[in-house]
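**Student:** The sequence shown lines up with residues 2 to 279 when you count with my numbering. Where a beta carbon is used, it is the ideal one built from N, C-alpha and C, also for glycine.
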Amino acid sequence: MTTADATDRPAGIALGIIEFRKDMQLERRPLIGSNGFYVYYGDNAAVKNVSFDIPEGLVTAIIGPSGCGKSTFLRAINRMNDLIPGCRVDGELTLDGQNLYAPQVDVVSLRKMVGMVFQKPNPFPKSIFDNVAYGPKIHGLTDRRKLGEIVEHSLRQAALWNEVKDRLGDNALGLSGGQQQRLCLARAVAVNPKVLLMDEPASALDPRSTSRIEDLISELRGEYTIVIVTHNMQQAARVSDLTAFLYEGNLIEFGETKQIFTKPGEKQTEDYITGRFG
Numbered sequence: 002m003t004t005a006d007a008t009d010r011p012a013g014i015a016l017g018i019i020e021f022r023k024d025m026q027l028e029r030r031p032l033i034g035s036n037g038f039y040v041y042y043g044d045n046a047a048v049k050n051v052s053f054d055i056p057e058g059l060v061t062a063i064i065g066p067s068g069c070g071k072s073t074f075l076r077a078i079n080r081m082n083d084l085i086p087g088c089r090v091d092g093e094l095t096l097d098g099q100n101l102y103a104p105q106v107d108v109v110s111l112r113k114m115v116g117m118v119f120q121k122p123n124p125f126p127k128s129i130f131d132n133v134a135y136g137p138k139i140h141g142l143t144d145r146r147k148l149g150e151i152v153e154h155s156l157r158q159a160a161l162w163n164e165v166k167d168r169l170g171d172n173a174l175g176l177s178g179g180q181q182q183r184l185c186l187a188r189a190v191a192v193n194p195k196v197l198l199m200d201e202p203a204s205a206l207d208p209r210s211t212s213r214i215e216d217l218i219s220e221l222r223g224e225y226t227i228v229i230v231t232h233n234m235q236q237a238a239r240v241s242d243l244t245a246f247l248y249e250g251n252l253i254e255f256g257e258t259k260q261i262f263t264k265p266g267e268k269q270t271e272d273y274i275t276g277r278f279g
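1. Consult DSSP for Cys88 and reduce its assignment to one of helix, strand or coil.
2. Mark Ala106 as exposed unless 16 or more other C-beta atoms lie within 10 angstroms of its C-beta, in which case mark it buried.
3. According to DSSP, what are the bridge partners of Phe74?
4. Which term fits Gly136, buried or exposed, when burial requires 16 or more other beta carbons within 10 angstroms of its beta carbon?
5. In the region 134 to 165, which residue ranges form an unbroken beta strand (DSSP E) of at least 3 residues, counting only runs that do not cross its ends?
6. For Ser241, which of Thr258, Asn100 and Gly92 has the nearest alpha-carbon?
7. Rounded to whole angstroms, what is the Cα-Cα separation between Phe74 and Arg183?
8. Counting pairs of beta carbons, one from the region 227 to 240 and one from the region 184 to 203, are three or more of them closer than 8 angstroms?
9. Where DSSP assigns a beta bridge to Ile63, which residues make up the other side?
10. In this structure, what does DSSP give as the bridge partners for Met117?
11. With distances taken between CB atoms, is the gap from Cys69 to Gly223 smaller than 8 angstroms?
12. Under DSSP, the beta strand (DSSP E) around Tyr41 begins and ends at which residues?
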């Protein structure tokens, strides 16, 4: 196929055959909402006037080229950007109708409701058990039996229990990369969050581990509201119900994943999907 042939095709075809989700139930109430939302680093706006709602219980993918504001927007949801000097926000970002940047918001409580899995696995230099139990302990749970139940349940949700149940006292840093990322997922769900944020969760993993992470996202859909940032458009198509395309900090298009990848409403979206830039 020539380059001209590829670029003349409808959006999505250049990605090859993609199986989209067939079990979508998109009539869900909004859980996360942004309205004219900006994020600034100093005088530079990394996210500009973004407005869209993320429904409860679905998987929403955020795509776009490097530097487009994807991760900045994602981190704004659990206020991780607060840790960056000179970072400030404008507009409104809400969770369950509450403005996340209102003065009365307790950031510690917020991060219990909004768990996060980062690009690179970041287990603590502690035992597997203590990694998963860390969050519940921080929030005041001391009962060893209940902690054990939470650890087992969380590791089962992360499809890791059978691999580590006989070595929970081992240092988590001894796990493989894929296992470490699933451990971080177990650590995130151990505090029973409403939302799971995933920032390129499989980009540092081998194909087999990537597939397992994608399977887990599908299994956890419905139990959690999941927002995933990814450069991998096939991955976005496989795991998400809805897709938001950001470019230079602006929200270009947001809609059902199948529509975004097969019949986008904006030429910029089509150009990005078909690889003309990015």
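**Tutor:** From the atom records:
1. Strand.
2. Correcting the residue identity first, residue 106 is Val in this sequence and not Ala. Exposure of Val106 is indicated by the presence of fewer than 16 other C-beta atoms within 10 angstroms of its C-beta.
3. For Phe74, which the question treats as bridged, DSSP gives no partner whatsoever.
4. Gly136 should be labelled buried.
5. Listed in chain order, the beta strand (DSSP E) runs fully inside the region 134 to 165 amount to none, counting runs of at least 3 residues.
6. Ser241 has its Cα closest to that of Thr258, out of Thr258, Asn100 and Gly92.
7. Computed Cα separation, rounded: 23 angstroms.
8. Yes: at least three Cβ pairs fall under 8 angstroms.
9. Per DSSP, Val230 and Ala245.
10. The beta-bridge partner set that DSSP reports for Met117 consists of Leu198.
11. Result no, Cβ atoms of Cys69 and Gly223 do not sit closer than 8 angstroms.
12. From DSSP, the beta strand (DSSP E) with Tyr41 extends over Pro31 to Tyr42.
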